[in-house]
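Protein chains in written order, with full-length UniProt numbering: chain A, 1 to 338; chain B, 1 to 338. A virtual CB, placed ideally from N, CA and C, is assigned to each residue, including glycine. Keep in mind the model is a prediction, meaning the values are calculated, not measured. The structure appears below as structure tokens.
2 protein chains.
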Amino acid sequence: MTAPPTPDAAPGAAPDAATPIPGPDLGPGEAVLAFDVGGTDTKSALIDRHGLVLGLRRTPTPRDGSDPSGAIVAALAGLAREHLVDAPGIRPVAAGVSVPGLVDELNGVGIFASNLGWRDAPIRALAERALGLPVAFGHDVRAAGDAEHRLGAARGYGDVVVLAIGTGIAGALVLDGKPYAGGGFAGELGHALSDPDGEPCACGARGCLETIASAGAIARRYTAASGVAVPGAREVLAAASAGDADAVRVWEDAIEALAEALARLVATIAPEAVVIGGGLAQAGPELFEPLSRRLDSLLSFHRRPALLQARLGDDAGLLGTALAARDLAAGLDAGGVP
Amino acid sequence: MTAPPTPDAAPGAAPDAATPIPGPDLGPGEAVLAFDVGGTDTKSALIDRHGLVLGLRRTPTPRDGSDPSGAIVAALAGLAREHLVDAPGIRPVAAGVSVPGLVDELNGVGIFASNLGWRDAPIRALAERALGLPVAFGHDVRAAGDAEHRLGAARGYGDVVVLAIGTGIAGALVLDGKPYAGGGFAGELGHALSDPDGEPCACGARGCLETIASAGAIARRYTAASGVAVPGAREVLAAASAGDADAVRVWEDAIEALAEALARLVATIAPEAVVIGGGLAQAGPELFEPLSRRLDSLLSFHRRPALLQARLGDDAGLLGTALAARDLAAGLDAGGVP
């Protein structure tokens with residue numbers, strides 16, 4: 001069972017299924033359904049054969065401690081019915097489902113998602129049965145990375161890292177033009193070691209990058225240093241611009257940690273472009289300019305990547321999920337094994 | 001022109017062209033020539049259709065400031081003639097040439113090699129003309145990594161990092177079963193940032209991993225701390241085992257820097273195996289055991305790689321170069337574009 005669309009709780013939802021969302025369309029191809037399952041909300045949409053994104057809506061992701069993946073898959077089936085009722089002329093031939101956490105795309109398994117509660121859940125098989133469609137199953141951040149690579153800021157680059165910096169930090173790698181997942185464990189840049197003497201991280205390690213440089217950490221560290229509660233990193237940046245010494249230090253620590261992480265990334269996989277999205281990227285030049293300067297000072301012969309602001313915003317994950325469903329449908333068309 | 005083989009200067013050379021070297025053979029395939037051009041010596045051999053490595057020899061790499069790549073390619077042509085004279089029944093159909101430095105494999109260009117002196121040298125085209133054979137052109141460390149992946153310690157793993165730790169530190173990445181070069185700039189783990197407040201590195205950056213953890217750095221740092229000159233890291237490890245406090249600190253610093261670098265690698269690309277070769281790997285358990293323990297303590301949910309000692313030793317680069325030539329020959333057989 002699923003909650004009906006709740007426009008009050010969904011400021012980003014299109015009010016009318018017939019109105020495509022603004023932004024890039026996906027171009028001609030098969031009609032598909034796309035579901036981007038987040039820790040709080042699930043985004044869903046129907047993509048037509050012109051590539052228009054129709055009926056985009058945001059509904060609460062159901063929580064069911066006894067059967068977390070079953071409850072979510074049932075909700076997806078309910079959403080699918082609503083999309084098909086809203087657009088009766090469109091017959092999707094495949095669906096895409098992306099989820100957070102550790103994801104084994106090859107075997108269609110959600111290995112672990114701390115805030116959704118499953119372990120080794122065969123989500124692809126469950127979703128195929130519930131939807132009656134072949135399902136492209138993937139990881140939310142890698143889907144967003146793929147969308148930024150194919151439709152967004154990193155279009156035209158072969159070796160790309162897409163970083164989403166918000167409450168935490170997650171990354172997606174595109175290498176030699178193709179997503180690289182490392183069995184589901186690659187791109188965990190938020191949990192790359194930054195400071196061996198740093199704070200414990202919720203993941204169980206210590207001094208992870210996201211304990212210093214995520215938007216969440218910036219707000220938390222500022223509050224810890226100043227005693228002033230702030231809703232987010234935006235207020236810390238404003239305080240730093242106004243000369244607040246605690247805010248300056250916390251912001252500069254974040255920039256330094258990010259620059260060092262990027263320098264290591266450059267030496268290791270030499271991306272041509274690093275795309276930064278998520279809430280922190282909204283700082284714009286106040287983030288990108290000092291980060292770029294410090295990165296330059298840390299490199300020598302290395303291949304210097306372009307630092308780019310993400311272009312697809314919050315919908316990147318959904319768009320990438322739709323692309324994956326399109327890829328699957330194209331493979332089915334060609335008689336390939338999905 | 002090339003120097004003749006000089007057995008006196010080549011303790012590793014096989015005395016007789018008809019005697020295959022010990023170690024893995026390459027299996028059945030085309031006969032090829034292989035050249036692994038190093039900063040000091042060039043190794044060369046003829047590989048027959050059974051995959052036996054024949055006539056392996058080590059000759060000084062010629063230096064010519066006015067035409068560094070031309071002099072080297074001329075030496076390769078001379079070596080080729082010698083190999084063919086020694087084994088008159090064997091007709092190679094392709095050659096492999098690997099060189100150090102920054103290498104653009106796709107375009108067949110040696111971008112830069114500090115100790116050989118070229119910049120943007122079209123080595124593949126030069127070698128094809130001089131040898132009269134199609135040439136697979138590559139990077140010495142990536143060739144060695146490919147050999148460890150296909151014939152050596154990392155056989156059977158899909159996502160692998162091979163680290164050569166000697167005078168410096170260089171790495172080769174194999175991702176989803178294929179070498180990943182990042183335009184020639186990937187795998188430069190020796191020049192990944194270790195300590196932002198560390199020593200200047202010869203590359204122009206500061207605090208690179210190889211300023212702390214290479215065999216060269218271990219010897220140098222021990223001499224700087226103790227005033228005692230040592231020929232290499234082996235003697236520092238022996239002094240540490242005997243309780244010398246400077247040696248203990250220098251060795252522990254190296255282990256810590258390597259473990260931190262591996263932890264970051266694990267979060268970023270999640271290799272299933274990390275193969276360590278080069279002089280430092282000869283420390284065996286004295287390197288691998290503390291490194292493994294410290295790596296465990298730095299990780300949480302990450303995919304823990306197997307830490308493996310390289311198996312192919314000094315000949316890995318030559319074997320990988322021969323494999324690349326074999327691959328090229330197989331593609332030519334199949335009518336593919338090399």
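Endpoints, beta strand (DSSP E) assigned at B:TYR222: B:TYR222 -> not in any beta strand (DSSP E); alpha helix (DSSP H) instead, spanning 215-226.
What is the DSSP secondary structure of A:VAL37, counted as helix, strand or coil? Residue state, collapsed to three classes: strand.
B:HIS302: buried (16+ other C-beta within 10 angstroms of its C-beta) or exposed? With at least 16 other beta carbons inside 10 angstroms of its own, B:HIS302 counts as buried.
Taking only beta-carbon positions, decide if A:HIS149 is within less than 8 Å of chain B. Judged by the 8 Å Cβ criterion, A:HIS149 is not in contact with chain B.
Cβ of A:GLU188 within 8 Å of any chain B Cβ: True, the Cβ-Cβ gap to chain B drops below 8 Å.
Within the 8 Å Cβ cut-off, does B:SER69 reach chain A? Taking Cβ atoms only, chain A never reaches closer than 8 Å to B:SER69, which makes this a no.
For A:ALA324, three-class secondary structure by DSSP: In this structure, A:ALA324 counts as helix in the three-state DSSP scheme.
From A:PRO196, A:ARG129, A:ALA77, A:GLY101, pick the residue whose C-alpha is nearest to that of A:ILE169; which is it? Among A:PRO196, A:ARG129, A:ALA77, A:GLY101, the Cα nearest to that of A:ILE169 is on A:GLY101.
With C-beta atoms as the reference, is B:GLY317 less than 8 Å away from B:ALA113? No, they are not a contact pair.
Quick one: what does DSSP say A:SER66 is sitting in, helix, strand or coil? Annotated three-state conformation of A:SER66 is coil, per DSSP.
Helix, strand or coil for B:GLY138, going by three-state DSSP, please let me know. In the three-state reduction of the DSSP assignment, B:GLY138 falls in the strand class, which pools E and B.
Per DSSP, which residues does A:THR61 bridge with? Please list them. For A:THR61, which the question treats as bridged, DSSP gives no partner whatsoever.
Where do the N-terminal and C-terminal ends of the alpha helix (DSSP H) with B:LEU237 fall, by residue? Element bounds for B:LEU237: 233-241.
At a CB distance below 7 Å, what residues from the region 140-167 of chain A approach chain B? Give them in sequence order. Answer in chain order: ASP159.
Give a yes or no on whether the minimum CB-CB distance between A:THR268 and chain B is below 8 Å. Yes, because at least one Cβ of chain B sits closer than 8 Å to the Cβ of A:THR268.
Environment of A:THR61 [buried if 16+ CB atoms lie within 10 Å]: Buried, because 16 or more other Cβ atoms sit within 10 Å of the Cβ of A:THR61.
Taking Cβ positions, are A:GLY278 and A:ALA164 nearer each other than 8 Å? Contact: yes.
Nearest by alpha-carbon distance to B:VAL266: which of B:ALA238, B:ARG234, B:LEU52, B:LEU189 is it? It is B:LEU189.
When the Cα atoms are used, what is the spatial distance from B:LEU76 to B:GLY204? The alpha-carbon of B:LEU76 is positioned some 32 Å away from that of B:GLY204.
Starting from B:PHE288 and walking both ways along the alpha helix (DSSP H), at which residues does that stretch end? Run containing B:PHE288: 285-298, per the alpha helix (DSSP H) assignment.
Per-residue burial, A:ARG81 [other beta carbons within 10 Å of its own, 16 or more giving buried]: So A:ARG81 ends up on the exposed side.
So, is the C-beta of A:GLU260 closer than 8 Å to a C-beta in chain B? It does; some Cβ of chain B falls within 8 Å.
Residue range of the alpha helix (DSSP H) that includes A:VAL265: It is Leu, not Val, that sits at residue 265 of chain A in the sequence shown. In the DSSP assignment, A:LEU265 falls within the unbroken alpha helix (DSSP H) covering 245-269.
Inter-residue Cα distance where the pair is A:GLY227 and A:GLY207: Taking the Cα positions, A:GLY227 is about 22 Å away from A:GLY207.
Under DSSP, the beta strand (DSSP E) around A:ALA306 begins and ends at which residues? From DSSP, the beta strand (DSSP E) with A:ALA306 extends over 306-309.
By the criterion of Cβ-Cβ separation under 8 Å, what are the contact partners of B:GLY89 in chain A? The premise fails here: B:GLY89 is roughly 40 Å from chain A at the closest Cβ pair, so nothing lies under 8 Å.
Specify whether the region 211-227 of chain B and the region 172-188 of chain B touch according to this definition: at least 3 beta carbon pairs, one from each stretch, less than 8 Å apart. Proximity of the region 211-227 of chain B to the region 172-188 of chain B falls short of the contact definition, fewer than three beta-carbon pairs being nearer than 8 Å.
With DSSP as the reference, please indicate the residues paired to B:ILE111 in a beta bridge. For B:ILE111, which the question treats as bridged, DSSP gives no partner whatsoever.
Distance check for B:ALA125 and B:LEU116, CA to CA, integer angstroms please. Cα to Cα, the separation comes out at about 18 Å.
Taking 8 Å as the cut-off, does the region 61-75 of chain A touch the region 149-163 of chain A (at least 3 CB pairs, one atom from each stretch)? Short answer: they don't touch.
Helix, strand or coil for A:ASP197, going by three-state DSSP, please let me know. A:ASP197 carries a coil assignment under DSSP once its states are collapsed to helix, strand and coil.
Compute the Euclidean distance between the alpha carbons of A:ARG326 and A:LEU312, then round it to the nearest angstrom. Distance between A:ARG326 and A:LEU312, taken at the CA atoms: about 18 Å.
B:PRO255 versus A:LEU33 - alpha carbon distance: It is Ile, not Pro, that sits at residue 255 of chain B in the sequence shown. Cα-Cα distance, rounded: 50 Å.
Quick check on this structure: which residue in B:SER98, B:ALA329, B:VAL248 has the alpha carbon closest to the alpha carbon of B:PRO290? Residue B:VAL248 is the option with its Cα nearest to B:PRO290.
In whole angstroms, what is the alpha-carbon distance linking A:PRO122 and B:ALA273? When the Cα atoms are used, A:PRO122 and B:ALA273 turn out to be separated by approximately 26 Å.
Would the beta-carbon of B:ALA310 fall within 8 Å of that of B:GLY89? Not in contact: B:ALA310 and B:GLY89 (Cβ atoms no closer than 8 Å).
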